[in-house]
Amino acid sequence: MKTFYSLILLSLGFGLNLFAQEGDNYWLKPTIFHVDSFRSPSLYYAPYTRWWWPGNDVDSLELKREIKLFAENHFGGVEVQPIALVMPTKGKGRAERIMSYDTPNYYANLTAMCQEAIRQGITVDMTNGSGWPSGGAHIFEHENNKTIQYGMTDIPFSFSKPIVIPKPMRGDGPSRKLVTLLAMRGNYDGEGIFMVEPNSVKNITTTVNDTTFSYVVKEKGWKAVAVWSLPDMESPMLMASRNAGYAINHFDSTVVKKNYEYFFGNRTGLDRFYGNPLRAVFNDSYEFRADRHFADDFVHMFAEKRGYDITPYLPVNIWYGYNNMYERMAHPEHRPKFRYGSEDWRIRYDYDLTLSDLLCTHFMQTSRKWLEERGMIHRTQTYGLNMDMIAMAGEASIPEVETMMFGKGTETGFKIISSGAHLYNRPLISSESGVFIRRAFLTTPHKLKLTVDKLLSAGVNHIIWHGSPYKYYPEGYPKEGWYPFFNSALGINFSSDLNEENPFWGNMKDINLYVQRSQYVLRSGRPQADVLIYFPFLHYDESAKNPKEFFSNGYLPKIEPALDKDNATNSYESEEIKKWFSKIWPLINALNERGITWDWVNDASIQTIQLDNKKQIDIRGNKYQALIIHEVPYIQIKSAEVLQSISKEGANLLLIGGLPQMQPSFKDYAENDKKTADMILNASKGKHVTNLAKEESIEEWAAQIHTPLRYKGKHIYMRQIRRELEEGNVVEMMWNADENWNEVKISIGGDYNYAYWLDAKSGNIYEAKIDKEHCVSRLFEPYTAYFLYLTRKAEVEHPKVAPDIKRGELVKVLDKWDVKVDTITLEQAVLTDWRNIDQLKYLGSKGRYTTTFAMNSIEKGTHYLIDLGKVYHVASLTLNGRSLGTCVFMPFIMDVTPYLKKGINKLEIEVTPTKFNEFVKRGIDKDRMFKRLKECGLQAQGLVGPVTIYKRK
């Protein structure tokens, strides 16, 4: 999530507990699905929230009160994140209290909180220290992340005296280490890139003597290039300490262990809570300040893994901002400092892959080992660097995505991490959920549910809200109190603030229960993807967005103010992947609309493939019916070799577009390209291999994919994810990601004789009647999801009959209303968005709508429904003085049959808006805290309707 924080920067006592030695096995235990538990699963399955503390300016009594409040509202856990994001810091002693993180008083507060969490059954995760990335005063300069930089000087013709080794042009300091000294010839091009003369590079490191070197050249035009390793000098951002020290070196396991020992070891007193309630340590995504990461054992690891010496080619990797997102955002125009030739991209690919190996060894594996030995686990966002993100997800105890991931927060981006979890058998996939740039105060229950459904259908099964601020009212803040991620003075604007000051806090229990039930289902059994799509890249295109995908950037068109600009921070060298994504959307949509489930797959996983006795693809025990290669620019040679082999054995391969003609590594690339092309060509000739010019013609191939359930017809906006349960049962989440009602008919495969609809909103279980064609049907409401559960024997004794949600015959349109908001009263008004009413457009209080209507008769055996139409954003109904309840989720329809009477009826609707428009007005009125909102537009509010009454038999 460092995109998030970079934007901030640029703008400004128990004994040994029961679980202590179980670690990974306890927290990641498999769930055995019992349909009777669906309505009220344990708090273990409830969503967590990121709980921001203003450093250590907290009170133990308030911490305990909030823990109890979280439990009462169906939060299953918290992630404690103390940060120094309080501005202004007025008030005597406030700044010192905030900055007293990592003191005895801080650990006393943590102890009080943990003790209460145990009492309330709340699980606790903790961020790795305070601020991002992890580090502190205990980390010294030489323990900082390392980067490579260069210095260059002329080597005079026939000069035999010692020459001073050129110092780094950037970031020079006492901790620098010379990696290599090279001699080369070349010239600068018009962009300032040094064009190295072919075959001129010579390693002259052996000529170094202390600070000088001696090297005689017999021609003019020679340069000496010194490549240095030095600290990137990054400190943790927003750390609640006066001395932030340095960020840790993530490529040095000794430093990684030192850091964990410091923050969570015996000195802190937290060891008594290992495993209960402390579950996990969280590390954010891997964006740092190093222009090009390096490690002390990089050269050795590179030679071992890539098969050649990297030192003569290190200048190819001198590219300011290549790994440094902050630099890249500020200077997207940067180019590499050296160019050897047209194959430089291969050297950078090898370099990236080696960094991936090193991060895995030194950080990911070290983190898991240290934590699991102490009864805890490692939760982390496994992206940020150019690396094998799919493999890295498999190295986390809990891999995590975020709703701002890769800029837009797309399904295909989420699936990079969830696919890695599936391929490497990681049962939990978490998400930092509800965070969107420039969307502060726009979060509603509908938006939270959209967020959840999109994440769950993309493979996530562990929601962690972003987030909940500690209840805190520092001087200089508005009456609503502290929310760290909106501040006009700092230019910070991110959602979501989920605490008691939020107008929808009273609805969080319903929202969390929906998540809790859904996550119970989606943690049961194991994931079942029908096919795999090969993903060859080590980064993701942040501009990538499926044209058939809804709800990107957290933006709801027509409801919210438009985003002023897109949210993307692209990697360098991204044209290839941009082109590839633009071609693959039709394939992904063709799979989605048929109900064929899919995952991405990386090279490392392809290279483990075995075929089972049914010729299915087996990767670490996970079975898939087919592998798709879609017009990729390259494929690793070992992967090509495996494809050639399994093709001969009878694997189902789908090859679309041109076949890859190369592999990406630099070593012997011409020879290995030819071998790769030949093996792929051989693979394409297998008996069960389908070769297509375009994805539009996959109909015949798709018919070979045998799924337990499939759509009859095509449904382009349906999304689905499936789990295989015990005894061969299956359950599939189906989400209608569309504003329209959609009638869906589903063919049931295999010998499943019983089907049930599970409704996570209500917890109800309904019979899904299987017709003569062995199909079930359902009318999906807009943006609504259900679970379809298939079994071979009856699982529910008396399932409810699914209600008929068709509205039926129109009886009345209720078009005249008395409206009262604060002191404003409108009589006999026509329903419209508050943005259209001058007296209401800047109000943030609840609105009360009242109308009366006559019913000449009430027909027996007839159901009467009220449809509120468009509601912004939550509606509570009272009919004839009797409360009907609250509509939190779409559609806003309620059966009112028991409450309706013949004659005059009185209907009252209380609508809860957000505070956003009110804050806009406060910005207009020169409230300094909200001044950044004054020109950004307004959000839809109020009851828009039309409100109608229907009847149906």
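For the sequence shown, the numbering used here assigns the number 4 to the initial residue and increments by one for each residue that follows. From the three backbone atoms N, C-alpha and C, an ideal C-beta is built for every residue, glycine too.
In this structure, residue 745 and residue 718 form a Cβ contact; the two beta carbons are roughly 6 Å apart against a cut-off of 8 Å. Here residue 195 is exposed, its C-beta having fewer than 16 other C-beta atoms within 10 Å.
Taking C-beta separations shorter than 7 Å and ignoring five residues to either side along the sequence, the partners of residue 699 in its chain run 589, following chain order.
Sorting 919, 860 and 862 by C-alpha distance to the C-alpha of residue 875 places 919 at the top. Residue nearest to residue 178 within the set 204, 145 and 208 is 145 (criterion: CA-CA distance). Going by DSSP, residue 99 is part of the alpha helix (DSSP H) stretching over 97 to 101.
Assigned with DSSP and collapsed to three states, residue 707 falls in coil, not helix or strand.
Segment contact: the stretch 113 to 123 against the stretch 32 to 42, fewer than three CB-CB distances shorter than 8 Å; contact not assigned. Per DSSP, reduced to three states, the secondary structure at residue 338 is coil, with no helix or strand assignment. Every alpha helix (DSSP H) stretch that sits fully inside the stretch 876 to 932 and reaches 4 residues is listed by chain position as 919 to 927. By the 16-neighbour rule on beta-carbons within 10 angstroms, residue 693 is buried. In this structure, the beta-carbon distance from residue 502 to residue 508 falls below 8 Å. Secondary structure of residue 558 (DSSP, three-state): coil. For the 8 Å CB-CB criterion, residue 279 and residue 121 form a contact. A distance of 8 Å or more separates the beta carbons of residue 206 and residue 165. Counting along the chain, the unbroken beta strand (DSSP E) around residue 856 starts and ends at 850 to 858. Here DSSP, grouped into helix, strand and coil, assigns residue 463 to coil. Taken through DSSP and simplified to helix, strand or coil, residue 530 comes out as strand.
For secondary structure counted as the alpha helix (DSSP H) over 4 or more consecutive residues, the stretch 426 to 460 holds these complete runs in sequence order: 448 to 460.
Shortest Cα-Cα distance from residue 506 to any of 44, 791 and 448 involves 448. Using a Cβ distance threshold of 8 Å, residue 465 and residue 431 count as a contacting pair.
Between residue 898 and the set 528, 947, 956 and 113, the nearest pair of CA atoms involves 956.
As computed with DSSP, residue 155 is found in a beta bridge with 228.
Boundaries of the beta strand (DSSP E) around residue 945: 945 to 948.
For residue 688, the closest of 42, 651, 869 and 550 by C-alpha to C-alpha distance is 651.
Distances from the CA of residue 524 to each of 602, 608, 728 and 643 were compared; the closest alpha carbon is that of 728. For the stretch 642 to 716, the full-length beta strand (DSSP E) segments reaching 3 residues or more read 656 to 659, 692 to 695 and 712 to 714 along the chain.
In the three-state scheme derived from DSSP, where H, G and I count as helix and E and B as strand, residue 407 is classed as coil. Residue 159 counts as exposed, since fewer than 16 other beta carbons sit within 10 angstroms of its beta carbon. Just so you know, the alpha carbons of residue 540 and residue 54 end up roughly 35 Å apart. Annotated as distal: residue 533 and residue 285, with beta-carbon spacing of 8 Å or more. In the structure shown, the three-state DSSP call for residue 119 is helix. Less than 8 Å separates the beta-carbon of residue 636 from that of residue 583. C-alpha of residue 793 to C-alpha of residue 762: approximately 14 Å in a straight line.
Taking residue 163 as the centre and dropping the five residues before and after it, the same chain places the C-beta of 219 closer than 6 Å to its C-beta, in chain order. Listed as beta-bridge partners of residue 821 by DSSP are 853.
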